[in-house]
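Sequential numbering from 1082 applies to the sequence shown in this note's numbering.
In what follows, a single structure is set out as structure tokens and then discussed.
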Amino acid sequence: MRTIDRFAVGRWLRALVALLILAWATPSLAAGYWRYAGSATTPPQSQLDQATAGPGRTFEQKVNGAFQAAGSGAGTLNLSFKTDDVDRRVFLTTVTFSFTADADMRSLTPGQKLRFHGVLTTGGNALAKALPSRGSGKMAAGNGDYFLSTESLIDQPASGDGVFEVPRGSGQGDRLTIYAAGYIGSAGGLGGRLELYYDWVADGSAPPPEPTRSSGGPDRGAARAGDSLGSVWDVEEVNGQWRGTWTRRPGTDIFDAVWRNTATGGEVRDVIRIARVSGGQVTLSRDGVGGTYTGTLSTDGRSIAGTASWYQPGWTWSARIGGGSSGYGGQASGDGRHDESGGDVDRSGGYGDTSGRDASGRGSSGYSDRGDAGEDRGGGSPSSGGHDRGASAQHAERTLMDNWNAAACGFTDTATLDVSSPIHLSRVDLWFNWQAGERSVTYTVSANGQDFGGGTLTRGDCDPYQGAWCVARDAPDIDLEPGRYEIRAARAGLCQNGGSSGAGFIKAYGYDADDR
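Set out below in structure tokens:
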């Protein structure tokens, strides 16, 4: 007869009891997903403004940022640190850390791997550069290690990549914080963070579906919905105030769209997607607005008319459908471009294929839905938007600089202008976020601490859907020698991003000094 080892049985029972206690004490990992709940920058500017260096001394700290979860999860963190030494020499250093993800970030699924790309730009004046000043940009989640890290010196941009695996929540009320951190080391130091908040949704449901994104390659499942809707649409919107061309990417239900304002000539670009076709009713989504078009097809299927979710009562849109009967058709023209209004369409989505809006209502395509530097609706003087035709013709005015792009915006108060040979600066257009009722803002022009003048920027052409974003325009009418010039607005309302190297969006016009 087999003898039972009472000691072995006792050990087994104790182990079983321990496992049961552990299972009972450990919170269950509920099914669910993370839902975006907003963002914030820390420390708040009000706290930074309380720090001073004493009477007669210079000490300024600024931290701000912006993020849009929709599209490619694009965000920007800006830091600025300005101080002086005992000899009253002023040191200025700025850091811009911008990042994007490879997925829409309105909802995150446990186990999902987010691949981030970060771009760091450190700027500053000659004194800060000589120290040398340094900047850094990092990303992490909660109390975890940094999964992305990069550093740079002034005028030496850097970039980095990292992967973050989304964890699982344990129950309703959990919060996940992903953050981008920036730091300035320059005659002192300044650190700040842009924090992205996600709340756990533990009801067992799957996250809401996000719009299908494509870089232009075939998306057969989506494309089948609109196979009969042609490849080029000639569009009128807002009762004819805007006219445009939507050109379909071969093999997809995605259009690259460009419009012009019939009154001002201002240009808008965006990405349109066919979402649903049913019984002659068509629904389309517009990335930069985060809204939908709805329309009814004509009986012959060659035209469509309807309204849009962001329209005011009485506004309508219509389109003539052309370019073949299939979404898999050829290009609209031999060189791959079709824009009767004069604008080129990039089939690769290079005009800001980042869908949706953030919580503030700004377009995630970097505020690219903007009127171009055309004449102001009021016409008249160059400072209010009209071109000085006589001066332009006499001196062959040309574009001296244009760093506007379609990526997501942060904020700054400074635009830079690099001059390689003597010029006359006749006018400047900046892309500016205006406060309610604000019509003008002052600015200065300087280089290496020397003041070269300034004036008042006047509110000009505005984004048709984002009324706070408008051109800030003036005609400095000054001569500049070679060098790097700073155009500094009275407050940080200028759009900036990694594509502009952290400097404000600027379009500068003038002519060579030899032409005078």
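Cβ coordinates follow ideal geometry from the N, Cα and C atoms, glycine included.
Bear in mind that the values here come from a model prediction, so they are computed numbers and not experimental data.
Checklist entry - Below 7 Å between beta carbons: does that hold for residue 1133 and residue 1171? => result If you number the sequence shown from 1, residue 1133 lands on position 52. If you number the sequence shown from 1, residue 1171 lands on position 90. No.
Checklist entry - With C-beta atoms as the reference, is residue 1556 less than 7 Å away from residue 1520? => result In the sequence shown, residue 1556 corresponds to position 475, counting from 1. In the sequence shown, residue 1520 corresponds to position 439, counting from 1. Contact flag unset, no.
Next on the checklist: Looking at the secondary structure, which residues open and close the beta strand (DSSP E) in which residue 1182 lies?
Outcome noted: Taking the first residue of the sequence shown as 1, we reach residue 1182 at position 101. Segment 1171-1182, the beta strand (DSSP E) holding residue 1182.
Item to check | Rounded separation between residue 1399 and residue 1329 - CA only | outcome: In the sequence shown, residue 1399 corresponds to position 318, counting from 1. In the sequence shown, residue 1329 corresponds to position 248, counting from 1. Rounded to whole angstroms, residue 1399 to residue 1329 spans 17 Å at the Cα level.
Next on the checklist: Is it the case that the segment 1208-1221 contacts the segment 1258-1268, given that we only count it when at least three CB pairs across the two stretches are under 8 Å?
Outcome noted: yes
Checklist entry - What's the gap between the Cα of residue 1541 and the Cα of residue 1187? => result To locate residue 1541, count along the sequence shown from 1; it is residue 460. To locate residue 1187, count along the sequence shown from 1; it is residue 106. Those two C-alpha atoms are separated by around 33 Å.
Next on the checklist: Restricting to Cα atoms, I'd like to know which of 1515, 1501 and 1554 is closest to residue 1593.
Outcome noted: Within the sequence shown, the letter at position 512 stands for residue 1593. The residue with the shortest Cα to Cα distance from residue 1593 is 1501.
Item to check | The beta strand (DSSP E) enclosing residue 1212, as first and last residue numbers | outcome: For the purposes of this step, residue 1212 is taken as the residue at position 131 of the sequence shown. Premise fails: residue 1212 is in no beta strand (DSSP E) and is neither H nor E.
Next on the checklist: Rounding to the nearest angstrom, what Cα-Cα distance links residue 1360 and residue 1318 in this structure?
Outcome noted: Here residue 1360 refers to the residue found at position 279 when the sequence shown is read from its first residue. Here residue 1318 refers to the residue found at position 237 when the sequence shown is read from its first residue. Going by the C-alpha atoms only, they are around 23 Å apart.
Item to check | Straight-line Cα distance separating residue 1326 from residue 1120 | outcome: On the sequence shown, residue 1120 is found 39 positions in, with the first residue counted as 1. On the sequence shown, residue 1326 is found 245 positions in, with the first residue counted as 1. Rounded to whole angstroms, residue 1120 to residue 1326 spans 36 Å at the Cα level.
Checklist entry - How is residue 1393 classed by DSSP in three states: helix, strand or coil? => result Position 312 of the sequence shown, counted from the first residue, corresponds to residue 1393. Coil at residue 1393, not helix or strand.
Next on the checklist: Can you look up residue 1229 in the DSSP assignment and give me helix, strand or coil?
Outcome noted: Within the sequence shown, residue 1229 is the residue found at index 148, counting from 1. DSSP places residue 1229 in strand when its eight states are reduced to three.
Next on the checklist: With H, G and I counted as helix, E and B as strand and the rest as coil, what does DSSP make of residue 1366?
Outcome noted: The residue given as residue 1366 occupies position 285 in the sequence shown. Correct three-state label for residue 1366: strand.
Item to check | Separation of residue 1575 from residue 1295, as counted between CA atoms | outcome: Against the sequence shown, residue 1295 aligns to sequence position 214. Against the sequence shown, residue 1575 aligns to sequence position 494. Reliability of the predicted coordinates at residue 1295 is poor, the pLDDT of 37 falling under 50, and no value is obtained from them.
Next on the checklist: In the DSSP output, which residue or residues are listed as bridge partners for residue 1159?
Outcome noted: Here residue 1159 is taken as the residue at index 78 of the sequence shown, counted from 1. Residue 1159 is bridged to 1145 and 1177.
Checklist entry - Run through DSSP, which three-state label would residue 1126 get? => result As a position in the sequence shown, residue 1126 is number 45, starting the count at 1. Looking at residue 1126 - three-state DSSP - the assignment turns out to be helix.
Checklist entry - According to the Cβ coordinates, are residue 1243 and residue 1229 closer than 7 Å? => result In the sequence shown, residue 1243 corresponds to position 162, counting from 1. In the sequence shown, residue 1229 corresponds to position 148, counting from 1. The answer is yes: Cβ separation under 7 Å.
Checklist entry - Where does residue 1594 fall in DSSP's three states? => result Counting from 1 along the sequence shown, the entry for residue 1594 is found at position 513. Reduced to three states, the DSSP call for residue 1594 is helix.
Item to check | Cutoff 6 Å; reference residue 1144; Cβ partners in own chain excluding five residues on either side | outcome: Taking the sequence shown and counting its residues from 1, one reaches residue 1144 at position 63. Answer for residue 1144: 1122, 1160 and 1273, listed in chain order.
Item to check | Pairwise C-alpha distance: residue 1351 and residue 1369 | outcome: In the sequence shown, counting from the first residue as 1, residue 1369 sits at position 288. In the sequence shown, counting from the first residue as 1, residue 1351 sits at position 270. So the two alpha carbons sit approximately 6 Å from each other.
Item to check | Residues near residue 1504 by beta carbon distance below 8 Å, same chain, minus five either side | outcome: Here residue 1504 corresponds to residue number 423 of the sequence shown, with the count starting at 1. Excluding sequence neighbours, residue 1504 sits near 1481, 1560, 1561, 1591, 1592, 1593 and 1594.
Checklist entry - Among the residues of its own chain, which have a CB less than 7 Å from the CB of residue 1565, if the five just before and after it don't count? => result On the sequence shown, position 484 is the one that residue 1565 refers to. Excluding residues within five positions, the ones whose Cβ falls inside 7 Å are 1497, 1499 and 1528.
Checklist entry - Can you tell which of 1180, 1357, 1150 and 1322 has its C-alpha closest to the C-alpha of residue 1219? => result For the purposes of this step, residue 1219 is identified with residue 138 of the sequence shown, where counting begins at 1. Comparing Cα positions, the closest option is 1180.
Next on the checklist: Whole angstroms are fine: how far does the CA of residue 1337 sit from the CA of residue 1081?
Outcome noted: Because residue 1081 is not part of the residues shown, which for the chain are 1082 to 1597, the question remains open.
Checklist entry - By Cβ distance, which residues of its chain are closer than 6 Å to residue 1221, with the 5 residues on each side in sequence left out? => result For the purposes of this step, residue 1221 is taken as residue 140 along the sequence shown, with counting starting at 1. Contacts found: 1227.
Item to check | Bounding residues of the beta strand (DSSP E) (the contiguous stretch that carries residue 1205) | outcome: Taking the sequence shown and counting its residues from 1, the one referred to as residue 1205 is at position 124. Residue 1205 -> beta strand (DSSP E) spans 1194-1205.
Next on the checklist: Taking the alpha-carbon of residue 1315 as reference, which of 1114, 1383 and 1491 has the nearest alpha-carbon?
Outcome noted: Mapped onto the sequence shown, residue 1315 falls at position 234. The residue with the shortest Cα to Cα distance from residue 1315 is 1383.
Checklist entry - According to the neighbour-count rule (16 or more other Cβ atoms, all chains shown, within 10 Å of its Cβ), is residue 1389 buried or exposed? => result Numbered from its first residue, the sequence shown carries residue 1389 at position 308. Under this definition residue 1389 is a buried residue.
Checklist entry - Can you round the beta-carbon distance between residue 1391 and residue 1320 to whole angstroms, since I take them to be within the 8 Å contact cut? => result Walking along the sequence shown from the start, residue 1391 turns up at place 310. Walking along the sequence shown from the start, residue 1320 turns up at place 239. Not confirmed; about 15 Å, so no contact.
Checklist entry - Which residues in the same chain have their Cβ closer than 7 Å to the Cβ of residue 1164, if we skip the five residues on either side of it in sequence? => result Numbered from 1 along the sequence shown, position 83 holds the residue referred to as residue 1164. Within the same chain, residue 1164 has close Cβ partners 1134, 1139, 1140, 1172, 1268 and 1269.
Checklist entry - What's the C-alpha gap between residue 1192 and residue 1246? => result On the sequence shown, position 111 is the one that residue 1192 refers to. On the sequence shown, position 165 is the one that residue 1246 refers to. If you take the alpha carbons of residue 1192 and residue 1246, they lie about 6 Å apart.
Item to check | Burial state of residue 1568, where buried means 16 or more other Cβ atoms lie within 10 Å | outcome: As a first step, residue 1568 must be located in the sequence shown, where it is residue number 487. The residue is buried, with at least 16 neighbouring Cβ atoms inside 10 Å.
Checklist entry - So, is residue 1539 buried or exposed, given that buried needs 16 or more other C-beta atoms within 10 angstroms? => result The sequence position of residue 1539 within the sequence shown is 458, counting from 1. So residue 1539 ends up on the buried side.
Item to check | In DSSP terms, what residue 1318 is bridged to | outcome: Counting from 1 along the sequence shown, the entry for residue 1318 is found at position 237. According to DSSP, which records beta bridges pairwise, residue 1318 is partnered with 1323 and 1398.
Checklist entry - Do you know whose CA, among 1342, 1375, 1199 and 1341, lies nearest residue 1357's CA? => result Here residue 1357 refers to the residue found at position 276 of the sequence shown. Closest option to residue 1357, Cα to Cα, is 1375.
Checklist entry - Taking the DSSP output, what are the residues bridged to residue 1550? => result On the sequence shown, residue 1550 is found 469 positions in, with the first residue counted as 1. Answer is 1514.
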